[in-house]
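The structure appears right after this line, and notes come after that.
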Ligand code: SAM
Ligand code: SF4
């Protein structure tokens, strides 16, 4: 699939807007309603849209949420996804709290070898403050179990927040000296009404400075297919990788190869722009495969060449929250 000069081969599927956590940077500050069940795309509908997208060039899928493992029967959905021959790569982004050893083994048996965990702190109390849940031990166990069972690479996403976890940047990155983990520091993106202030954002240049002062030089690594927007570095002799995801300080829009399918069955060509195209209603109304493919094509024609987040223009900040889009 083509959008402008970009070739789109990556579909990010949010299977639910629900989550067992309440991360302060992700959830809206005001009370919010969850999407009614009948408005959420059913698994067979998601599979149908994915199949059509594969016929148009999608080869990689990432499953996300909300928290994907809170949705009932997620493993059987993943099993069906794994049967799609056109998909060469299936990965999942999770907070890890519901991932028992058995579930991780099940994922490996299905052929899913890549998990991205979200972990913003190594301090259980701070973990409870950020996520609203006292689940640090469970998440840490899930990360170590994934590593022990042979998931590779185990990726850890850390959103850096000034005054909250910026004093742990070095300790978190130092995990790459002990384990072959990919730690990816993400710049906080202000999304609609949030518990966080824009001033709490820490940009990558500052994170790198903190890391090099504490741990020594970071050496750039070559960009490989599958790295997505992360810029990768390593410390000398470290088995792991330190990555930076820089939506604010350095647009990666011109290289963005992804399309999103939200839990309500809307195609969203850009995370940071609120344009969405409903594909679920036409599917439910009996649209032909050709018509549905046209809808996918139309959505992609709205993929912007750059976003305006970070330019301090509140009018441009999308009102949607990560839980409903999938990050
Ligand atoms: N619940 C799963 C998890 O936490 O990994 C998957 C969904 S979550 C929305 C996907 C990713 O988005 C997580 O890595 C999370 O840290 C990131 N995220 C959420 N809100 C964010 C924000 N405002 N700025 C930057 N990253 C954010
Ligand atoms: Fe839930 Fe993930 Fe958002 Fe945290 S970041 S509230 S775990 S969806």
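In our numbering, the protein residues as written are 17 to 343. Glycine included, each C-beta is placed from N, C-alpha and C at the ideal position. Since we're looking at a predicted model, the values are computed, not measured.
Here the alpha carbons of residue 119 and residue 62 stand approximately 22 Å from one another. Rounded to the nearest angstrom, the gap between the Cα atoms of residue 255 and residue 301 is 52 Å.
Positions of the beta strand (DSSP E) runs, each at least 3 residues long and wholly inside the region 72-151, are given as 76-80, 105-110, 130-134 in order along the chain. Residue burial annotation: residue 177 is buried, with at least 16 other C-beta atoms found within 10 angstroms of its C-beta. Of the residues assessed, residue 160 falls on the exposed side of the cut-off, its CB having fewer than 16 other CB atoms within 10 angstroms. Taking C-beta atoms under 8 Å as the contact rule, residue 170 and residue 131 qualify, at a distance of about 6 Å.
Judged by beta-carbon spacing, residue 94 lies within the 8 Å limit of residue 79, meaning their Cβ atoms are closer than that value. Taking the CA atoms as reference points, residue 277 sits about 6 Å from residue 284.
When secondary structure is reduced to three states using DSSP, residue 30 falls in the strand class.
With a threshold of 7 Å, the Cβ atom of residue 207 counts as near ligand 1, since some heavy atom of the ligand is closer than that. Fewer than three pairs of CB atoms, one per stretch, sit closer than 8 Å, so the region 206-213 makes no contact with the region 242-262.
Here residue 99 is exposed: its Cβ has fewer than 16 other Cβ atoms, across all protein chains shown, within 10 Å.
At least one heavy atom of ligand 2 sits closer than 7 Å to the Cβ of residue 111. For the pair residue 234 and residue 228, the Cα-to-Cα distance works out to about 7 Å. Within the region 178-241, the complete alpha helix (DSSP H) segments of 4 residues or longer fall at 185-189, 191-194, 220-231, listed in chain order.
DSSP, reduced to helix, strand and coil, places residue 50 outside both helices and strands of the structure shown, so it counts as coil.
For the options 279, 298, 270, the alpha carbon positioned closest to that of residue 24 is the one of 270.
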